[in-house]
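Residue numbers (the numbering used here), protein chains in the order written: chain G, 68 to 177; chain S, 133 to 274. For glycine and all other residues, C-beta sits at the position ideal for the given N, C-alpha and C. Below: the structure, in structure tokens.
Below is the structure:
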């Protein structure tokens, strides 16, 4: 499991490879907060290479979304597979996040 | 539990880094039983990750001298997988500890989705104390 962060224009894009779970969620949180501290405002997390997410991973997404909004920024999500869509629907987090079917659509949506 | 065969039994230290390895072992059993693919790729791994992280973080409080036992049993007919996650804690009351994380007052919380998700994702979740605090997850094929 790993996280790759790169800039696409004004947007910080994070790829989550493997699982986003209790054992690695702090690493994702810290990486995004570091970028936020540097002044970045627009964030996209791409889940195209993600297996599953547990409740602590979902919790980190909620927490990051709040912190980014407090700084006047925005966190959006892309490429949830059917399993991940089910998780977001069960927890109603699909109502909290703007979720795109592709990275391109997500980047255009900012 | 009826006629069951123990397919897997592991003892792990109270370290969340151990979770993924154990989940992969149980996922393998799930696939062997030909349980539906989405249950093997989502329901079982997420529910088990929740049970294991509760056992390590809450049950054993990450005490390195304590262990978590995971036992996966399969019904004789091969259509049911039962996973017991046993920690050395004092246990908890499942119904009163479960939060509805979808309500407007809870949806923005960072925590509190684990037990809710566990119960959404598998056919049955039981909690009892029997030689350790046990959370039992039951997954049925079909």
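Residue environment, residue i, which counts as buried when at least 16 other CB atoms sit within 10 Å
| i | result |
| --- | --- |
| residue 274 of chain S | exposed |
| residue 191 of chain S | buried |
| residue 240 of chain S | exposed |
| residue 261 of chain S | exposed |
| residue 232 of chain S | exposed |
| residue 106 of chain G | exposed |
| residue 245 of chain S | buried |
| residue 132 of chain G | buried |
| residue 124 of chain G | buried |
| residue 92 of chain G | buried |
| residue 185 of chain S | buried |
Beta bridge counterpart(s) of residue i as assigned by DSSP
| i | result |
| --- | --- |
| residue 176 of chain S | Partner(s): none; residue 176 of chain S has no beta bridge. |
| residue 216 of chain S | S:203, S:268 |
| residue 236 of chain S | Answer by DSSP bridge pairing: none, since residue 236 of chain S is not bridged. |
| residue 256 of chain S | S:270 |
| residue 145 of chain G | G:113, G:167 |
| residue 167 of chain S | DSSP, once it has assigned bridges, lists no residue as partnering residue 167 of chain S. |
| residue 27 of chain G | As displayed, chain G neither begins before 68 nor continues past 177, which places residue 27 of chain G out of reach and without an answer. |
| residue 72 of chain G | G:81 |
| residue 136 of chain S | S:207 |
Residue of the options minimising C-alpha distance to residue i
| i | options | result |
| --- | --- | --- |
| residue 129 of chain G | G:148, G:73, G:99, G:86 | G:99 |
| residue 265 of chain S | S:246, S:232, S:220 | S:220 |
| residue 269 of chain S | S:227, S:256, S:263, S:261 | S:256 |
| residue 216 of chain S | S:243, S:236, S:271 | S:271 |
| residue 147 of chain G | G:94, G:71, G:123, G:84 | G:84 |
| residue 104 of chain G | G:175, G:151, G:153, G:140 | G:140 |
| residue 168 of chain S | S:135, S:212, S:235 | S:212 |
| residue 176 of chain G | G:70, G:74, G:111 | G:111 |
| residue 224 of chain S | S:198, S:183, S:197, S:237 | S:183 |
| residue 171 of chain S | G:151, G:70, G:131 | G:151 |
| residue 117 of chain G | G:149, G:74, G:163 | G:149 |
| residue 259 of chain S | S:218, S:208, S:196, S:242 | S:218 |
| residue 227 of chain S | S:267, S:197, S:194, S:242 | S:267 |
| residue 174 of chain G | G:74, G:69, G:70 | G:74 |
| residue 243 of chain S | G:156, G:102, G:121, G:169 | G:121 |
| residue 138 of chain G | G:102, G:69, G:155 | G:102 |
| residue 237 of chain S | G:169, G:171, G:170, G:163 | G:163 |
| residue 170 of chain G | G:69, G:115, G:155, G:153 | G:115 |
| residue 154 of chain G | G:119, G:134, G:76, G:80 | G:119 |
8 Å Cβ cutoff met for residue i and residue j
| i | j | result |
| --- | --- | --- |
| residue 136 of chain G | residue 167 of chain G | no |
| residue 230 of chain S | residue 247 of chain S | yes |
| residue 152 of chain S | residue 86 of chain G | yes |
| residue 113 of chain G | residue 161 of chain G | no |
| residue 276 of chain S | residue 146 of chain S | Only positions 133 to 274 of chain S appear in the structure, and residue 276 of chain S is not among them; the question remains open. |
| residue 91 of chain S | residue 90 of chain G | Look at the range of chain S in this structure, 133 to 274, and you will see that residue 91 of chain S is not part of it. |
| residue 249 of chain S | residue 176 of chain S | no |
| residue 72 of chain G | residue 109 of chain G | no |
| residue 127 of chain G | residue 159 of chain G | no |
| residue 137 of chain S | residue 205 of chain S | yes |
| residue 154 of chain S | residue 144 of chain S | yes |
| residue 181 of chain S | residue 88 of chain G | yes |
| residue 142 of chain S | residue 165 of chain S | no |
| residue 187 of chain S | residue 161 of chain S | no |
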